[in-house]
Amino acid sequence: MSSSANTPSKPAAKTTGLHIGVTRPGVAKVDPIVTIDGVSRRFGGLTAVDVEHLEIPRGAITALIGPNGAGKTTLFNLLTGFDKPDTGSWSFAGKSLAGIPAFKVAQMGQVRTFQLTKALSLLTVLENMKLGAKDQRGEKFLYSIFPFLWKPKEAEIEAKAMELLKRFKLDAKKDDFAASLSGGQRKLLEMARALMTDPVLVMLDEPMAGVNPALTQSLLEHVLDLKTQGMTVLFVEHDMHMVRHIADWVIVMAEGRVVAEGPADEVMKNPAVIDAYLGSHQDADLGTITGRITLPKGKK
Ligand SMILES: Nc1ncnc2c1ncn2[C@@H]1O[C@H](COP(=O)(O)OP(=O)(O)OP(=O)(O)O)[C@@H](O)[C@H]1O
Ligand SMILES: [Mg+2]
Numbered sequence: 018m019s020s021s022a023n024t025p026s027k028p029a030a031k032t033t034g035l036h037i038g039v040t041r042p043g044v045a046k047v048d049p050i051v052t053i054d055g056v057s058r059r060f061g062g063l064t065a066v067d068v069e070h071l072e073i074p075r076g077a078i079t080a081l082i083g084p085n086g087a088g089k090t091t092l093f094n095l096l097t098g099f100d101k102p103d104t105g106s107w108s109f110a111g112k113s114l115a116g117i118p119a120f121k122v123a124q125m126g127q128v129r130t131f132q133l134t135k136a137l138s139l140l141t142v143l144e145n146m147k148l149g150a151k152d153q154r155g156e157k158f159l160y161s162i163f164p165f166l167w168k169p170k171e172a173e174i175e176a177k178a179m180e181l182l183k184r185f186k187l188d189a190k191k192d193d194f195a196a197s198l199s200g201g202q203r204k205l206l207e208m209a210r211a212l213m214t215d216p217v218l219v220m221l222d223e224p225m226a227g228v229n230p231a232l233t234q235s236l237l238e239h240v241l242d243l244k245t246q247g248m249t250v251l252f253v254e255h256d257m258h259m260v261r262h263i264a265d266w267v268i269v270m271a272e273g274r275v276v277a278e279g280p281a282d283e284v285m286k287n288p289a290v291i292d293a294y295l296g297s298h299q300d301a302d303l304g305t306i307t308g309r310i311t312l313p314k315g316k317k
């Protein structure tokens with residue numbers, strides 16, 4: 018199978034030995050950073066998420082895949098406090114997150130980006146970055162009446178923002194409105210902004226969607242860099258090429274449930290996974306999906 022010119026021909030070094038025992042949905046991890054138990058979310062008569070047990074391995078890159086409407090974004094919303102489940106409990110780094118609001122979850126080190134980017138278009142690139150800072154001291158009473166107390170912090174925040182913008186090659190655009198960025202640059206800005214809080218776990222919802230092929234390679238590398246720097250990554254993605262290249266572990270959702278999980282190479286060969294994808298993408302996405310999964314020998 019030919020690989021795209023914009024992705025490395027060799028998969029990145031994979032982290033292995035993440036689970037305990039036989040791979041199956043809900044399998045225990047050696048060092049889980051997120052543990053989910055009995056989490057469900059219904060919208061009217063529809064059960065969008067119904068996860069019995071799931072553990073996300075620490076220090077690795079985990080891909081969450083599954084057909085449209087499988088419940089991936091809903092699960093992200095629940096884990097990050099943007100939505101509340103009907104049942105269940107979940108923890109991050111050993112602390113229960115039930116009832117913790119989104120901004121606190123982010124302060125605790127678990128940040129996420131959005132499927133549809135949420136860069137504020139009428140703010141500049143640099144202003145968007147500053148909004149991502151952990152400690153918005155200017156908002157606090159004392160700091161707001163004694164601005165000299167927060168000015169040094171402001172300078173620190175700006176220095177950090179510029180350093181990240183440089184890393185993401187957006188520094189030349191710092192004074193441009195976010196609205197003027199391309200879709201891919203906006204994804205990069207969102208990822209850079211998420212890093213302003215020095216997160217432990219970075220959750221990316223379709224980082225590759227709408228990204229121009231010229232930027233896909235650098236996006237892949239930025240995600241790999243997060244792991245190198247010691248962060249844990251959980252990302253949702255339909256681009257099987259990206260999943261195969263960078264994911265250490267893959268979790269497959271369908272109709273709200275976890276239907277398969279395991280090391281990327283193993284899961285991507287699972288005929289049930291291939292069927293779930295090809296079966297449900299026949300109309301919309303077959304063109305992008307077909308040819309990106311390595312079919313097991315004998316399967317066409
Ligand atoms: N706020 C909501 N109100 C009603 N139904 C919703 C809401 N959010 C999600 N749903 C439904 O829940 C199901 C799961 O949606 P979700 O967005 O989590 O899927 P997904 O796996 O992220 O899909 P995609 O790959 O298309 O992004 C879908 O049937 C969706 O229509
Ligand atoms: Mg989604």
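So in the numbering used here, the last one in the sequence shown is 317, and the numbering has no gaps at all. Virtual Cβ for every residue (Gly too), placed ideally from N, Cα, C. Since this is a predicted model, take the numbers as computed values, not measurements.
- By how many angstroms is the C-alpha of Glu69 removed from the C-alpha of Asn94? In the sequence shown, counting from the first residue as 1, residue 94 sits at position 77. In the sequence shown, counting from the first residue as 1, residue 69 sits at position 52. In a straight line, the C-alpha of Asn94 is about 17 Å away from that of Glu69.
- Check each candidate in Ser113, Ser197, Thr104, Glu207 and name the one with the smallest Cα separation from Ala178. Taking the first residue of the sequence shown as 1, we reach residue 178 at position 161. If we check each option's Cα against that of Ala178, Glu207 comes out closest.
- Check each residue's C-beta against every heavy atom of ligand 2 and list, in chain order, those closer than 7 Å. Every residue with a CB closer than 7 Å to a heavy atom of ligand 2 is listed here in chain order: Lys89, Thr90, Gln132, Asp222, Glu223, Val253.
- Please confirm whether any heavy atom of ligand 1 lies closer than 7 Å to the CB of Phe60. Taking the sequence shown and counting its residues from 1, the one referred to as residue 60 is at position 43. Yes, the beta carbon of Phe60 sits closer than 7 Å to at least one heavy atom of ligand 1.
- Measure the C-alpha to C-alpha separation of Leu140 and Asp188 and round it to an integer number of angstroms. Walking along the sequence shown from the start, residue 140 turns up at place 123. Walking along the sequence shown from the start, residue 188 turns up at place 171. Distance between Leu140 and Asp188, taken at the CA atoms: about 15 Å.
- Query: Asp282 lies in the beta strand (DSSP E); which residues open and close that run?
  - Reply: The residue labelled residue 282 in the question sits at position 265 within the sequence shown. Here Asp282 belongs to no beta strand (DSSP E); instead the alpha helix (DSSP H) covers 281 to 284.
- Task: Compare the beta carbon distance of Thr233 and Met225 with 8 Å and say whether it is the shorter of the two.
- Result: Residue mapping note: residue 233 aligns to position 216 of the sequence shown, counting from 1. Residue mapping note: residue 225 aligns to position 208 of the sequence shown, counting from 1. Yes, these two residues count as a Cβ contact at 8 Å.
- Query: Would you say Leu181 and Ala209 are within 8 Å of each other, going by their C-beta atoms?
  - Reply: Sequence index remark: in the sequence shown, residue 181 carries index 164 (1-based). Sequence index remark: in the sequence shown, residue 209 carries index 192 (1-based). Yes, the Cβ-Cβ distance between Leu181 and Ala209 is below 8 Å.
- Query: For Val47, does the count of other Cβ atoms within 10 angstroms reach 16, so buried, or fall short, so exposed?
  - Reply: Stepping through the sequence shown from its first residue, residue 47 is reached at position 30. Sixteen is the threshold: since fewer than 16 other Cβ atoms of the shown chains lie within 10 Å of the Cβ of Val47, the residue is exposed.
- Limits of the unbroken beta strand (DSSP E) element including Ile324: Absent from the model: residue 324. The displayed extent of the chain is 18 to 317, so no value can be given.
- Message: By the DSSP assignment, the beta strand (DSSP E) with Phe60 in it spans what residues?
- Response: Taking the first residue of the sequence shown as position 1, residue 60 is located at position 43. Where Phe60 is concerned, the enclosing beta strand (DSSP E) starts and stops at 49 to 60.
- Task: Please classify Pro224: does DSSP put it in a helix, a strand, or coil?
- Result: What you label residue 224 is simply residue 207 of the sequence shown in a count that begins at 1. Correct three-state label for Pro224: coil.
- At which residues does the beta strand (DSSP E) containing Ala271 begin and terminate? Numbered from 1 along the sequence shown, position 254 holds the residue referred to as residue 271. Unbroken beta strand (DSSP E) run through Ala271: 266 to 271.
- Task: Would you check if the stretch 72 to 85 and the stretch 32 to 47 touch, i.e. whether three or more CB-CB distances between them fall below 8 Å?
- Result: The stretch 32 to 47 is in contact with the stretch 72 to 85.
- Would you kindly work out how many angstroms separate the C-alpha atoms of Ala172 and Ala150, rounded to a whole number? Within the sequence shown, numbered from 1, the residue matching residue 172 stands at position 155. Within the sequence shown, numbered from 1, the residue matching residue 150 stands at position 133. Here the alpha carbons of Ala150 and Ala172 stand approximately 12 Å from one another.
- Within the present structure, is the beta-carbon of Gly98 separated from the nearest heavy atom of ligand 1 by less than 7 Å? What you label residue 98 is simply residue 81 of the sequence shown in a count that begins at 1. Taking non-hydrogen atoms of ligand 1 into account, the C-beta of Gly98 is found less than 7 Å away from none of them.
- Item | Nearest residue (CA-CA) to Gly88, options Val66, Thr40, Ala115 | Numbered from 1 along the sequence shown, position 71 holds the residue referred to as residue 88. Looking at the Cα atoms, Val66 is the closest of the given residues.
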